[in-house]
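Participant:
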Amino acid sequence: MIKLLNAGFTRLRKNKIFWLLSIFSIGFALVLINGQYGNMKTYGETVEMGTLLLSYPPLIGIVIAVFISLFLGAEYSDGAIRNKISIGHKRGNIYLSNFIISSIVSLFFYALFLIVTLAIGLLLFGSGTISISLILMRIFVVSFTIIAYSSIFTFIAMLCSNKTIIAITTILVVFGMMLFTTYCFNVLNTPEYIQIATLVNGENQFKEEYNPKYPSPEKRKVYETLIDIIPSGQTLQIPERESNLGILLVYSIGIIVVFTGSGLLLFKKKELK
Amino acid sequence: MEIILQTNNLEKKYNDFRALNHTNIHIEKGAVYGLIGKNGAGKTTLIRIICGLQKPTNGSYTIYGVDNSSSNITSVRKRIGAIIETPSIYGEMTAKDNLIEQYKLVGMPSLDGIDELLKLVGLENTGKKKAKNFSLGMKQRLGIAISLANNPDLLILDEPINGLDPQGIIEIRELILKLNKERRITILISSHYLDELSKIATHYGFLDSGSIIEEITSEELMKKMEHKIILKVNDTKEFVKYFEENKMPYEVMDSQTINVYGKYNLSKFVSELSKKNLIADDIHEQEESLENYYMNLIGGVNND
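Here it is, written out as structure tokens:
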């Protein structure tokens, strides 16, 4: 396993996509800070550091999907998986080492964003009003969300043998999750009452009526649970959430265990051509 | 001789298609074992199974005495270097970086041998050129260098000369011979370029429709393919006496057939026999290429 990790990190240093996405993470932090600073100067808006530090995670799924699909996709296209197995590495170790490298790199992208945002943001905006312990707790939880993302994309990349299919699938999955999260939020934000306009004696009269599309308590519970489970739902909720962060952590760990466990089982049985 | 790789009634089925059918091969230590078969005969499937990429449907195999069902099979694979179909190369890296990667992967304590390996395969001057820009021959040689990183005792090469130009074929052939003679590496090489294989193999396994139809050493094969005159006679005794007296290599195949090995002028040969009143019912010359031999072999099997 150590040999696999050592080789993986050696390859990473020479990997173009890794460096490009690292630059993107830094660039995103700089663009974000510049925009927030402009708003502060122009409109006098206050910038909350605790929220700013969590602005990257809603996007990071796309970054992770791109990295894993290209980095691990090359393992098949360049014949590296075949090579690793034929020289005596266990399939389980190959899968786990790729998952570990993907997770560390994904966290590294976020860490780059955090470092740049903290270094410049603190000077420009100050520390803000949110307690440090809450900020740290949110960052801790979002780190597991990032690892959950990595586990899903590693699962896809290790079980599809074609680099193009891996890239298309991971991108579709990440955008699918984002769209589904948006849909869930839309359902949950459906107003309970709607105003109906009727024309009485040539005049518009408004009256409030119960919205038939308003989700039932059971349905609300289902949608709330779904956005708690899906990583894209978590990344949108964490910056606003003060309580019940622990349940998000549990869901992320659940995703990691389910995807990595089933990925390991399936990869061990996979016929490689 | 020590058998280092052996398969025992290996079978591989893809739904109704039987890619391997009771395949048995035996590879001796120090051999260059040429696995011969046309496209689709099952060569790559057999190699994939030996290298652990696929599982056999039935049967087993042993590598250095370790059975494939043993948990030690992954450890014993550390003694193998392999190129399966295409070389495992990261196209975005240089030749040296690819070797560094492989050295880390196999856990070599230092990177000292890399320059020597690059020299061995003739890629010492490729500098910063990325592997994706290499010619096919260079890629194959880099693939071989990568597969040598763990100092293997057994090298498995699946169709290593496919698509190479004549110069590339010669380079790979010389490299394989060098590895076998100087480093004492046992080599399993699959190919459908029979004449090329005949220049390096010490043993052959003829594979057809997933079954090994014959395993033979190169000496035995050469003898079978040797230039010979086949005589059909009523009584072999007088002919044998003549061949003995004249120290001509011969073999009595059955009560009516004698093979005389070597190149002779056929008309002179017949007239010399006539002088001794030795009259054959039928005389004809025969010389086989490996290709003919293989075609006759699989033709025979298919006609049975």
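Which chain is which? The protein sequence lines are U and C, in order. Numbers 1066 to 1338, taken from the working numbering, label the letters of the first sequence in order. Numbers -10 to 293, taken from the working numbering, label the letters of the second sequence in order. Backbone N, C-alpha and C define an ideal beta-carbon position, used for all residues, glycine too.
(1) What residue from C:Ser263, C:Cys40, C:Gln275 and C:Ala8 has the CA that sits closest to C:Asp147's CA?
(2) If you measure beta-carbon to beta-carbon, which residues of the region 1125 to 1159 of chain U are closer than 8 Å to chain C?
(3) From U:Phe1324 to U:Phe1220, what distance separates their C-alpha atoms?
(4) Measuring only the C-alpha atoms, how far is C:Leu113 from C:Met127?
(5) I'd like the list of long-range same chain contacts for U:Leu1310, defined as Cβ closer than 8 Å, with 5 residues on each side in sequence excluded.
(6) At a Cβ cut of 8 Å, what residues of the region 1071 to 1082 of chain U count as close to chain C, listed as they run along the chain?
(7) In this structure, how does DSSP classify C:Asp293 when only helix, strand and coil are distinguished?
(8) Between the region 126 to 138 of chain C and chain U, which residues of the former have CB atoms less than 9 Å from a CB of the latter, in chain order?
(9) Taking any Cβ of chain U, which residues in the region 64 to 82 of chain C have a Cβ under 9 Å from it, in chain order?
(10) Does chain U have any CB closer than 7 Å to the CB of C:Gly41?
(11) Anything in chain C within Cβ reach of U:Lys1068, meaning under 8 Å, just list it in chain order.
(12) For C:Lys32, count neighbouring Cβ atoms within 10 angstroms of its own Cβ and tell me buried if that reaches 16, exposed if not.
(13) Alpha helix (DSSP H) containing U:Ile1067: first to last residue?
(14) I'd like to know if U:Leu1337 contacts chain C, where contact means its C-beta is closer than 7 Å to some C-beta of that chain.
(15) Starting from the beta carbon of C:Ile89, find every residue of chain U whose beta carbon is closer than 8 Å, and list them in chain order.
(16) Which of helix, strand or coil does DSSP assign to C:Val110?
(17) Using a Cβ-Cβ cut-off of less than 7 Å, list which residues of the region -2 to 27 of chain C approach chain U; keep chain order.
(18) With a 10 Å radius around its C-beta and 16 neighbouring C-beta atoms as the bar for buried, classify C:His192 as buried or exposed.
(19) Less than 8 Å between C-beta atoms, sequence neighbours within five positions excluded: which residues of the same chain meet that for U:Gly1126?
(20) Please specify which runs of the beta strand (DSSP E), each continuous and at least 3 residues long, are wholly inside the region 191 to 271 of chain C, giving them in chain order.
(21) Any contact between the region 1138 to 1145 of chain U and the region 1243 to 1262 of chain U? By contact I mean 3 or more CB pairs, one from each, below 8 Å.
(22) Do we get a CB-CB distance below 7 Å when we pair C:Asn292 with the residues of chain U?
(23) Starting from C:Ile298, follow its DSSP beta bridges and name the residues at the other end.
(24) Since U:Ser1151 and C:Ala138 are thought to touch, with beta carbons under 8 Å apart, how far apart are those beta carbons, to the nearest angstrom?
(25) Taking Cβ-Cβ distances shorter than 9 Å, what residues in chain U pair up with C:Asp86?
(26) Is C:Gly251 buried or exposed, if buried means 16 or more other CB atoms sit within 10 Å of its CB?
(27) If we ignore side chains and look at the alpha-carbon of each, how far apart do C:Lys212 and C:Val241 end up?
Facilitator: Result, derived from the coordinates:
(1) C:Cys40
(2) Ala1139, Asp1143, Gly1144, Ala1145, Arg1147, Asn1148, Lys1149, Ile1150, Ser1151, Ile1152, Gly1153, His1154 and Lys1155
(3) If you draw a straight line from the Cα of U:Phe1324 to the Cα of U:Phe1220, it is about 6 Å long.
(4) Checking the sequence shown, residue 113 of chain C turns out to be Glu, not Leu. Going by the C-alpha atoms only, they are around 11 Å apart.
(5) Met1202, Arg1203, Val1206 and Ile1303
(6) Asn1071, Ala1072, Thr1075, Arg1076, Lys1079, Asn1080 and Lys1081
(7) For C:Asp293, the pLDDT reaches just 45, beneath the cut-off of 50, and the residue's location in the model is therefore unreliable, although a value from the coordinates is still provided. Note: C:Asp293 maps to coil in three-state DSSP.
(8) Gly132, Ile135, Ser136 and Ala138
(9) Ser64, Val65, Arg66, Lys67, Arg68, Ile69, Gly70, Ala71, Ile72, Ile73, Glu74, Thr75, Pro76, Ser77, Ile78, Tyr79, Gly80, Glu81 and Met82
(10) yes
(11) Proximity of chain C to U:Lys1068 at the Cβ level (cut-off 8 Å) is accounted for by Lys93, Leu94, Val95 and Gly96, in chain order.
(12) buried
(13) Where U:Ile1067 is concerned, the enclosing alpha helix (DSSP H) stretches over Ile1067 to Arg1078.
(14) yes
(15) Thr1075
(16) coil
(17) none
(18) buried
(19) Tyr1214, Val1239, Met1242, Met1243, Pro1296, Ser1297 and Thr1300
(20) 192 to 197, 200 to 206, 217 to 221, 239 to 243 and 246 to 250
(21) no
(22) Its pLDDT being 47, under 50, C:Asn292 is placed unreliably by the model, and nothing is read from it.
(23) As displayed, chain C neither begins before -10 nor continues past 293, which places residue 298 of chain C out of reach and without an answer.
(24) Incorrect: roughly 12 Å between the Cβ atoms, too far for contact.
(25) Thr1075, Arg1076 and Lys1079
(26) exposed
(27) C:Lys212 and C:Val241 have their C-alpha atoms some 14 Å from each other.
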